[in-house]
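Step one of this worksheet: look at the structure below.
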Amino acid sequence: MKLPPLWPGLRPAAGPPDAAPEPAKPSLPTTWLLLHALFCATSMAVGFHFSRLIVYLLFLPTPPINPAAHLVSLMSPPAVVLAGANATAMATITTTTTTTTTVTTTTTVAAEIGAHPQPQHHHHHHGPVFVGRHPIRVRAWPHPDPSELLKAHRILAAVQNAQRSTKRRGAGPARPVIAVTPTTTSALQVPSLTSLAHTLRLVDAQLVWIVVESGHRTDAVAAVLSRSNLDFLHITGPVDSTASLRMHALREIRAKRMDGIVVFADENSILRTELFDEAQKVTTVGAVPVGILGEDDGTSESFLQAPSCDAEGNLVGYRVSEETVLPANRSDMLMSSRLEWTGFVVNARALWEDTKDRPVWVRDLSAIDDADARAASPLALVTDAGRVEPLASCAQAALAWSLRSDSLHEVKFPHE
274 MKLPPLWPGL
284 RPAAGPPDAA
294 PEPAKPSLPT
304 TWLLLHALFC
314 ATSMAVGFHF
324 SRLIVYLLFL
334 PTPPINPAAH
344 LVSLMSPPAV
354 VLAGANATAM
364 ATITTTTTTT
374 TTVTTTTTVA
384 AEIGAHPQPQ
394 HHHHHHGPVF
404 VGRHPIRVRA
414 WPHPDPSELL
424 KAHRILAAVQ
434 NAQRSTKRRG
444 AGPARPVIAV
454 TPTTTSALQV
464 PSLTSLAHTL
474 RLVDAQLVWI
484 VVESGHRTDA
494 VAAVLSRSNL
504 DFLHITGPVD
514 STASLRMHAL
524 REIRAKRMDG
534 IVVFADENSI
544 LRTELFDEAQ
554 KVTTVGAVPV
564 GILGEDDGTS
574 ESFLQAPSCD
584 AEGNLVGYRV
594 SEETVLPANR
604 SDMLMSSRLE
614 WTGFVVNARA
624 LWEDTKDRPV
634 WVRDLSAIDD
644 ADARAASPLA
654 LVTDAGRVEP
664 LASCAQAALA
674 WSLRSDSLHE
684 VKFPHE
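Here is the structure:
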């Protein structure tokens, strides 16, 4: 038996002469050779990307989601306009996923056109988004209505402010605050009142602002009060002095039987919001530390006017200068000293006439002579300076500042 030829065209080895010749096998088709050459040339030109694409198409599985259904979901519903009264539109989408699988999806769109056109409702459909072969689910907007979200933030802010205020002033609701401001016409009147208005708007309690002018009401002060958005009482008093204006405001509180904590917010003072929190703790008359800045009789000074306490927190005296502390039992020396009203707070009930809330050591306002020089001192309200309550735990931190400068009040207001 003879071996077959290894390759067509090659003759077999010599054998017996009487053996019959084997038929030759057909050569490779020309189409396969051309296709092979095309693939080789394409691979040389494109490189690895072409090979990876071939592997992806031939060997990787199809996506888990029907591509035809995904294509239909991404298509926005167009407006169907047909000539007849009732019509049906057929759309056929054919998608080939592999070389051997063909998926045909048919969608039917029905539109009825009557005498009156139907309103169109635009529904935004969020289909899956593909990143490669992995779909990503697109969810709806998770946030609620912006107005409801803003309302929730306001409620949280109110709760936090109430918690901070309760921690500073103690438990219980805040008592109303009555701010007394005597004012005179000067170049700094409007700027000072505007600054005080912004401070009083930050008070976390019901507040009434009493502004006392000398002689008559001015339009400049009325404009500041109207812009402050605060509850105010604009009154006039005698032209004598600032002390007389202040006493006139206190008598107005007694006449109207206003309830709350009286805080003296003078034009030349700068107040901290902590002052109003400490004022909530007062029972009758209290004293708080105040920083004094400026000059007195031409001499520059800067010190802390504050109550002086012993180790147990009881009042023993008052610091009236940088190096001077006067004992509380020396009322004559304290009355002659220049004490700022900003450093004192008063319970309004202690000013009422014929009331049990006013102790015997608190003077009746009708018994105070405005012409007396001692009426300019806040200790004129009491007969015993040792009964005044020291607030802020006798701390040496100023809750307010008082600017002393007589030259500022001498500047004339620029009239037309």
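Numbering (this note's numbering), first residue to last: 274 to 689.
Yeah, the Cβ is synthetic: ideal placement off N, Cα and C, and Gly gets one too.
How far does the alpha helix (DSSP H) with Glu613 in it reach, from first residue to last?
Segment: none, Glu613 is in no alpha helix (DSSP H) and carries neither H nor E.
Which word fits Ile565, buried or exposed, when buried means at least 16 other C-beta atoms lie within 10 angstroms of its C-beta?
That one is buried.
Please return the same chain residues whose Cβ sits closer than 7 Å to the Cβ of Ala470, not counting the five positions on each side in sequence.
The residues are Val497, Ser501 and Leu503.
Alpha carbon to alpha carbon, what distance is there between Pro419 and Ala413?
Rounded to whole angstroms, Ala413 to Pro419 spans 15 Å at the Cα level.
For Ala516 and Asp645, what's the separation of their Cα atoms in angstroms?
Straight-line Cα distance between these residues: approximately 10 Å.
Is the beta carbon of Gly510 closer than 8 Å to that of His521?
The answer is yes: Cβ separation under 8 Å.
Trp625 by DSSP, collapsed to three states: which one?
In the structure shown, Trp625 sits in coil (DSSP, three-state: anything other than H, G, I, E or B).
Roughly how far, in whole angstroms, is the beta-carbon of Glu547 from the beta-carbon of Leu672, given that I think they are within contact range, below 8 Å?
With a Cβ gap of about 5 Å, Glu547 and Leu672 count as contacting.
Any idea if Val411 is buried or exposed, counting beta-carbon neighbours within 10 angstroms, 16 or more meaning buried?
Val411 comes out exposed.
Roughly how far, in whole angstroms, is the beta-carbon of Asp539 from the beta-carbon of Thr458, given that I think they are within contact range, below 8 Å?
Contact doesn't hold; Cβ gap of about 15 Å is too wide.
Please confirm whether Ser604 and Ala658 have their CB atoms less than 8 Å apart.
Yes, the Cβ-Cβ distance between Ser604 and Ala658 is below 8 Å.
Could you work out which residue in His309, Ala478 and Thr656 is closest to Asn434 when comparing CA atoms only?
It is Ala478.
What is the DSSP secondary structure of His389, reduced to helix, strand or coil?
Here His389 scores only 46 on pLDDT, less than 50, and its place in the model is too uncertain to base an answer on.
Would you please state the rounded distance, in angstroms, between the beta carbons of Val484 and Val494? I believe it to be under 8 Å.
Yes, they are in contact, since the Cβ atoms of Val484 and Val494 sit about 6 Å apart, within 8 Å.
Give the secondary structure of Arg677 by DSSP, where H, G and I count as helix, E and B as strand, and everything else as coil.
Looking at Arg677 - three-state DSSP - the assignment turns out to be strand.
So, are the CB atoms of Leu577 and Pro600 less than 8 Å apart?
In this structure, Pro600 does not lie closer than 8 Å to Leu577 by Cβ.
Report, in whole angstroms, the separation of the C-beta atoms of Arg524 and Leu654, which I expect to be a contact under 8 Å.
Contact flag wrong, Cβ pair sits at about 12 Å.
If you drop the 5 nearest sequence neighbours on each side, which residues of the same chain put their C-beta closer than 7 Å to that of Ala649?
Cβ within range, chain order: Ala516.
Can you tell me the Cα-Cα spacing of Thr373 and His407, whole angstroms?
Because the pLDDT at Thr373 is just 39, under 50, the model does not fix this residue reliably, and the value given afterwards should be weighed accordingly. The alpha-carbon atoms of Thr373 and His407 are separated by roughly 23 Å.
Starting from Leu473 and walking both ways along the alpha helix (DSSP H), at which residues does that stretch end?
Residues Gln462 to Leu473.
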